[in-house]
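Residue numbers (mature numbering (1 follows the signal peptide of the UniProt record, and there is no 0)): -24 to -1, 1 to 93.
Where a beta carbon is used, it is the ideal one built from N, C-alpha and C, also for glycine.
Here it is in structure tokens:
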């Protein structure tokens, strides 16, 4: 009985590791920053704010992934603005880096947190 439970547990762990490995292969490579080099023109935002939405996202110490996501979200229709809640107290938010990659059609606001609870 004890051997069967141990063997079953081992099989479950191995299957979970295989699934996790397969899913990590789908993540974008950090070294492929070609998308960050694309610059987008600022379009006039003549649409009503009633038809648009604001994206609020939290992050902690993932600058490379954050910049890729922000670049991706710039193409989302009806997105009015993005607010990034920067939870890494020991590091400055990457707003200067993001602005240096501009211009951007969607404004991005970085909110630096003073406490991480």
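- The shortest C-alpha to C-alpha distance from residue 40 to any of 27, 78, 73, -19 is the one to 73.
- When DSSP states are grouped into helix, strand and coil, residue 33 belongs to the strand group.
- DSSP places residue -10 inside the alpha helix (DSSP H), whose first and last residues are -23 to 1.
- Residue 38 holds the alpha-carbon nearest to the alpha-carbon of residue 68 among -3, 83, 38, 1.
- In this chain, residue 77 is not harboured by any alpha helix (DSSP H), its DSSP state being neither H nor E.
- Residue 57: member of the beta strand (DSSP E) spanning 55 to 62, first to last residue.
- When the beta-carbon positions are compared, residue 31 and residue 58 come within less than 8 Å of each other.
- Approximately 7 Å separates the beta-carbon atoms of residue 42 and residue 60; this is inside 8 Å, confirming the contact.
- Cβ contact annotation for residue 52 (same chain, cutoff 7 Å, sequence separation greater than five): none.
- It is roughly 47 Å from the alpha-carbon of residue -19 to the alpha-carbon of residue 90.
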